[in-house]
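Undergrad: Sequence order for the protein chains is A and B.
Heads up, the first sequence is in the working numbering, so the first residue is 969 and it goes up one at a time.
Heads up, the second sequence is in the working numbering, so the first residue is 6 and it goes up one at a time.
Dumping the structure here so I can ask a few things about it.
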Amino acid sequence: MSASFHIPAINHSTHTATDSRRRFFTPGMLVVTAIAAVGVGAWLFRMLFGLGAATNLTNAYPWGIWIGIDVATGVALAAGGFTTAFLAHILHRERYHPLVRPALLTAMLGYTFVALGVATDLGRFWAMWHVMLPPFWQPNSVLFEVAICVMCYLSVLYIEFLPAACERFIGRVNLPGRLAVLNHPVDRALRIADKTLGRFMTIFIMAGIMLSCMHQSSLGTLMVITYGKLDALWHTPALPLLFLLSAFAVGYPMVIFESIIAHRSFGLPGERSLLAELGRFIPFTLGLYLSVKVADLALRGQLPRLLVGDYYTQMLTIEVCFGVLIPILIFSNRHLREQTRWQFIGAALVVLGVAFNRLNVFLFAYSPLERGATYRPSAIEIAVTLGAIALTVVIYRAIALILPVIEQLDEHHTPHSRHDQRFPVVAPLSSHPISHPRPVTPTVPAAESNTVVGVKE
Amino acid sequence: MNARTSSQRTPKSGSDAHPPIDTSRRGFLKAGAVLTALTVGGKSLASDGADGASKLSQGRMGVLVDLTRCVGCRRCEWACNDANDNPHGKLEECDDQSVFASLRRPRTDQFCVVNATRNPKADPSPTDPPIFTKIQCMHCEYPPCVSACLVGAMQKSPDGPVTYDASKCIGCRYCMMACPFERLTYEYDRRFTPRIRKCELCSHRTHDGKLPACVEICPVEALQYGKREDLLRVAHERIAAHPDKYVDHVYGESEGGGTSWLYLSARPFEQLVDVGLPRLPDKSPAERTEHIQHAIFKGAAGPLGIAAILTTLHFLTRKGGHA
Chain A
969 MSASFHIPAI NHSTHTATDS RRRFFTPGML VVTAIAAVGV GAWLFRMLFG LGAATNLTNA
1029 YPWGIWIGID VATGVALAAG GFTTAFLAHI LHRERYHPLV RPALLTAMLG YTFVALGVAT
1089 DLGRFWAMWH VMLPPFWQPN SVLFEVAICV MCYLSVLYIE FLPAACERFI GRVNLPGRLA
1149 VLNHPVDRAL RIADKTLGRF MTIFIMAGIM LSCMHQSSLG TLMVITYGKL DALWHTPALP
1209 LLFLLSAFAV GYPMVIFESI IAHRSFGLPG ERSLLAELGR FIPFTLGLYL SVKVADLALR
1269 GQLPRLLVGD YYTQMLTIEV CFGVLIPILI FSNRHLREQT RWQFIGAALV VLGVAFNRLN
1329 VFLFAYSPLE RGATYRPSAI EIAVTLGAIA LTVVIYRAIA LILPVIEQLD EHHTPHSRHD
1389 QRFPVVAPLS SHPISHPRPV TPTVPAAESN TVVGVKE
Chain B
6 MNARTSSQRT PKSGSDAHPP IDTSRRGFLK AGAVLTALTV GGKSLASDGA DGASKLSQGR
66 MGVLVDLTRC VGCRRCEWAC NDANDNPHGK LEECDDQSVF ASLRRPRTDQ FCVVNATRNP
126 KADPSPTDPP IFTKIQCMHC EYPPCVSACL VGAMQKSPDG PVTYDASKCI GCRYCMMACP
186 FERLTYEYDR RFTPRIRKCE LCSHRTHDGK LPACVEICPV EALQYGKRED LLRVAHERIA
246 AHPDKYVDHV YGESEGGGTS WLYLSARPFE QLVDVGLPRL PDKSPAERTE HIQHAIFKGA
306 AGPLGIAAIL TTLHFLTRKG GHA
């Protein structure tokens, strides 16, 4: 990555990561894996027997939970990737670096499953490649824009995450059996990738943010065309802006939510003080979203409807109160913000609130013209959706155990990126005997070092 | 044309940001150029078809439905099934009036249906006939399904029909979400090759000089096939000649940006919402969406704006000595 390439690492002897921390299967993970397995089975059923057999979709409800949850909510909740990268790499807030990789991993897995979700929902999934060929392109289509952006962004995410693999495997490529002849070439490829990526990473990060802004908003534009079917509380030309702002707003809560779960699950101390700092941004992002939402409702004359109290206004009230107002209060309060419990409650509320918003737009507030038409997801649809979420968790855990993602867990700990080299690693859990050479010497004033996570509770 | 103006703008907008020269900036401009080319490449295609109506030919065809003439014989349903190789019984089975008990919608194996509404007089006598309304794909002038389809499987033919090409379709069903009349149907039960099914205005018949099957069979001339502009003239003449008989409105003249199917009625159209003629604004839902899309992506302005902001922030917040 840089000039420091051949400087030997300092080996730390503080091996605090016990075996239990690095175990893959905990009782909870067994349940999650079982859900994932059922999901894979349900998915196979859909692929073999078709949408009609597997889903309760109809002409009145062409889109169900696979689009509403797997795609729309999945994309929104993967916003932690670009929002955190923005903070750490564009605004140079280096202390947030430990949060970037977990967020990127979530985004990478999230978008992978978004793509799989789309493929599962497509009636003619085998013709998916049409989207990639210019002769088929129909650029007036909002969905075209979403599809192209999601494809590009997925590639960008894999590139952004590649340094983690480089870090872990450079100098340690050890393929089994006959594949061992490839050890050297693979190592070389990784070194080249590492060098090249180190030079261009800022560009990929910018591209990632740009692509995210484009399709997060277009996902909202998607439903503007459903005239007369989506309730007026949500159906607005401002939908793209609202989707974009809510994606901004859900990014950090999602990072907090995951960080707390992941650290607890691995039995690690956690990143309480850093998360509290990150939490300071949430009232602003949520506040901006809320003010645009209220202004939009007011301008379109929908505010008086809130006094009526019908089904739709109830849904909107739940969405805004629990997903926006209460989290603003929690994260505005310094005392609450500092506590892991309230961080978790506040973050979970925003995550659920944005998920609820996407579901309102795509399902709950969508009423077809056909009188009496209803949609209740089938068991297969639910199993596939839950399976996708569970499988994301399973793969996240596997990758977190193999690659340097979560700093406190990182057995081969080396600073994550070239930016990090300026920061001291205060309490590395351990260091692998043949770890990738990397200096860990502090080059910044010690005063800043207390911002590095996991130092002490 | 869009593409050219924007690619000229690309290097300029990069220099607007005035970042210090270093590798990131050079690389950034490169990436910017690639991304711009990608965005603009896509969006320039858009400008050709953006104005959906401009592609239409003056002599485009349509069908005028005079609901005051329809007697609910359902011969049109039979002829439609026959012309489109959909399952159907004998012609006489159309006389079965029991199907009117419920409101029906087009299905994958039946592209047009006739619905009945009870005559909404204040005191309807049993002899008052119901109002019959035939519904099918309306063949919009500016069709949201065409605008929604990302692979161009839905097309608006310049001479009127909205057609579907299964060989392009990927099965996303966004066209169905977009249809403001909810007339598209999907073959959910076909495992690997489901298709959208809909009325195509019998384009396979009209190309051979024949009438659409439903128009041909209609025994009471409730259906009339012709150039849309002629049909509109006829419709307004009928209203003018019998103001007592018709409400002064031609449904489809402007609904959702206009449709190829036009309806005349004795009853206010508000009473026919449930049987399948929804109230729609004069603009196509596609127009609004496309305006939003084009406003954001015109000349790649949105993405380039984001890129400029990011670059500026990146260099403003940079700490000394580190690039």
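Yeah, the Cβ is synthetic: ideal placement off N, Cα and C, and Gly gets one too.
The structure displayed is predicted, hence computed values, not measured ones.
Which partner residues of residue 120 of chain B appear in the DSSP bridge assignment?
TA: Paired residue(s): B/138.
Undergrad: Buried or exposed: where does residue 1402 of chain A fall if 16 or more other Cβ atoms within 10 Å of its Cβ makes it buried?
TA: Legend: pLDDT at residue 1402 of chain A = 35, less than 50; position of this residue unreliable, value from coordinates given subsequently. Under this definition residue 1402 of chain A is an exposed residue.
Undergrad: Considering Cα atoms alone, identify which of B/314, B/113 and B/293 is closest to residue 190 of chain B.
TA: Ranking the options by Cα distance to residue 190 of chain B, first place goes to B/113.
Undergrad: Please list the segments of the beta strand (DSSP E) lying wholly inside the region 1242 to 1321 of chain A, counting only runs of 3 or more residues, in order along the chain.
TA: Runs found: none.
Undergrad: For the putative contact between residue 1018 of chain A and residue 196 of chain B, defined by C-beta atoms under 8 Å, what is the C-beta separation to the nearest angstrom?
TA: Indeed they touch by this definition, with Cβ atoms about 3 Å apart.
Undergrad: Give every residue of the same chain whose Cβ lies closer than 8 Å to the Cβ of residue 74 of chain B, excluding the five residues on either side of it in the sequence, and list them in chain order.
TA: Here the set comprises 225, 226 and 227.
Undergrad: Apart from the five residues just before and just after residue 1137 of chain A, which ones in its own chain have a Cβ nearer than 7 Å to its Cβ?
TA: 1158.
Undergrad: How would you write the range of the alpha helix (DSSP H) that residue 1018 of chain A sits in, first residue to last?
TA: Element bounds for residue 1018 of chain A: 995 to 1022.
Undergrad: In terms of residue numbering, what span does the alpha helix (DSSP H) encompassing residue 1084 of chain A cover?
TA: 1065 to 1089 is the span of the alpha helix (DSSP H), which, as asked, contains residue 1084 of chain A.
Undergrad: Would a C-beta distance cut-off of 8 Å place residue 287 of chain B and residue 262 of chain B closer than the cut-off?
TA: Yes, Cβ-Cβ distance for residue 287 of chain B and residue 262 of chain B is below 8 Å.
Undergrad: Nearest by alpha-carbon distance to residue 144 of chain B: which of B/71, B/122 and B/116 is it?
TA: Checked all of B/71, B/122 and B/116; the closest Cα to residue 144 of chain B is B/116.
Undergrad: Taking a contact to mean a Cβ-Cβ separation below 8 Å, would you say residue 1295 of chain A touches residue 1242 of chain A in this structure?
TA: No. Outside cutoff.
Undergrad: With DSSP as the reference, identify every bridge partner of residue 232 of chain B, one or two as the case may be.
TA: Residue 232 of chain B is bridged to B/66.
Undergrad: Here's the rule I'm using: 16 or more other beta-carbon atoms within 10 Å means buried, otherwise exposed. How should residue 1164 of chain A be labelled?
TA: By the 10 Å Cβ count, residue 1164 of chain A comes out exposed.
Undergrad: Spatial neighbours of residue 1188 of chain A within its chain, please: C-beta separation below 8 Å, excluding the five flanking residues on both sides.
TA: Here the set comprises 1207, 1208, 1209, 1210, 1211, 1212 and 1329.
Undergrad: Tell me which residue opens and which closes the alpha helix (DSSP H) that residue 1169 of chain A is part of.
TA: Note, residue 1169 of chain A: alpha helix (DSSP H), 1151 to 1189.
Undergrad: On a Cα-Cα basis, can you pick out the residue from B/277, B/86, B/140 and B/97 that is closest to residue 264 of chain B?
TA: Checking every option, the nearest Cα to that of residue 264 of chain B belongs to B/140.
Undergrad: Could you tell me which residues DSSP pairs with residue 268 of chain B in its beta bridges?
TA: B/70 and B/256.
Undergrad: Tell me whether residue 1220 of chain A sits in a helix, a strand or coil according to DSSP, three-state version.
TA: Reduced to three states, the DSSP call for residue 1220 of chain A is helix.
Undergrad: How would you label residue 111 of chain B, buried or exposed, when you count the other beta carbons within 10 angstroms and need 16 or more for buried?
TA: Under this definition residue 111 of chain B is a buried residue.
Undergrad: Just reading off the beta strand (DSSP E) that residue 169 of chain B is part of, what are its end residues?
TA: Start and end: 167 to 169.
Undergrad: Can you tell me whether residue 1334 of chain A is helix, strand or coil according to DSSP?
TA: Of the three classes helix, strand and coil, the one that applies to residue 1334 of chain A here is strand, per DSSP.
Undergrad: With respect to the alpha helix (DSSP H) encompassing residue 1100 of chain A, which residues constitute its N-terminal and C-terminal limits?
TA: Residue 1100 of chain A -> no alpha helix (DSSP H), and no H or E assigned at all.
Undergrad: Following the continuous alpha helix (DSSP H) through residue 298 of chain B, name the residue where it begins and the one where it ends.
TA: Residue 298 of chain B -> alpha helix (DSSP H) spans 290 to 302.
Undergrad: Select from the region 133 to 155 of chain B all residues with a C-beta closer than 7 Å to any C-beta belonging to chain A, and list them in chain order.
TA: Going along the region 133 to 155 of chain B in chain order, one finds 149, 152, 153, 154 and 155 with a Cβ nearer than 7 Å to chain A.
Undergrad: Checking contacts by CB at 8 Å: is residue 1189 of chain A closer than that to chain B?
TA: Yes, its Cβ sits closer than 8 Å to a Cβ of chain B.
Undergrad: Could you list the residues in the region 208 to 230 of chain B with a C-beta less than 7 Å from some C-beta on chain A, going in chain order?
TA: Listed by position, the residues of the region 208 to 230 of chain B near chain A (Cβ gap below 7 Å) amount to none.
Undergrad: Which chain D residues sit within Cβ distance under 8 Å of residue 1178 of chain A?
TA: In the structure shown, chain D cannot be found, because the protein chains are A and B.
Undergrad: Going by DSSP, which residues form a beta bridge with residue 191 of chain B?
TA: DSSP, once it has assigned bridges, lists B/201 as partnering residue 191 of chain B.
Undergrad: Comparing the C-beta of residue 1108 of chain A with each C-beta of chain B, is any distance below 8 Å?
TA: Yes - at least one Cβ of chain B is within 8 Å of the one on residue 1108 of chain A.
Undergrad: Indicate whether at least one CB of chain B lies closer than 8 Å to the CB of residue 1119 of chain A.
TA: Chain B contact via Cβ: absent.
Undergrad: Counting only Cβ-Cβ distances shorter than 9 Å, please list the residues of the region 1202 to 1233 of chain A near chain B, keeping chain order.
TA: For the region 1202 to 1233 of chain A, which is checked against every Cβ of chain B, the residues closer than 9 Å are 1205, 1207 and 1208.
Undergrad: Could you pull the start and end residues of the alpha helix (DSSP H) that residue 181 of chain B belongs to?
TA: Per DSSP, residue 181 of chain B belongs to the alpha helix (DSSP H) from 179 to 183.
Undergrad: Provide the residue span of the beta strand (DSSP E) that contains residue 159 of chain B, from first to last.
TA: Run containing residue 159 of chain B: 159 to 161, per the beta strand (DSSP E) assignment.
Undergrad: Give me whichever residues DSSP pairs with residue 1377 of chain A in a beta bridge.
TA: None, per the DSSP bridge assignment.
Undergrad: Assign residue 1182 of chain A to one of two classes, buried (16 or more other C-beta atoms within 10 Å of its C-beta) or exposed (fewer than that).
TA: By the neighbour-count rule (16 or more Cβ atoms within 10 Å), residue 1182 of chain A is buried.
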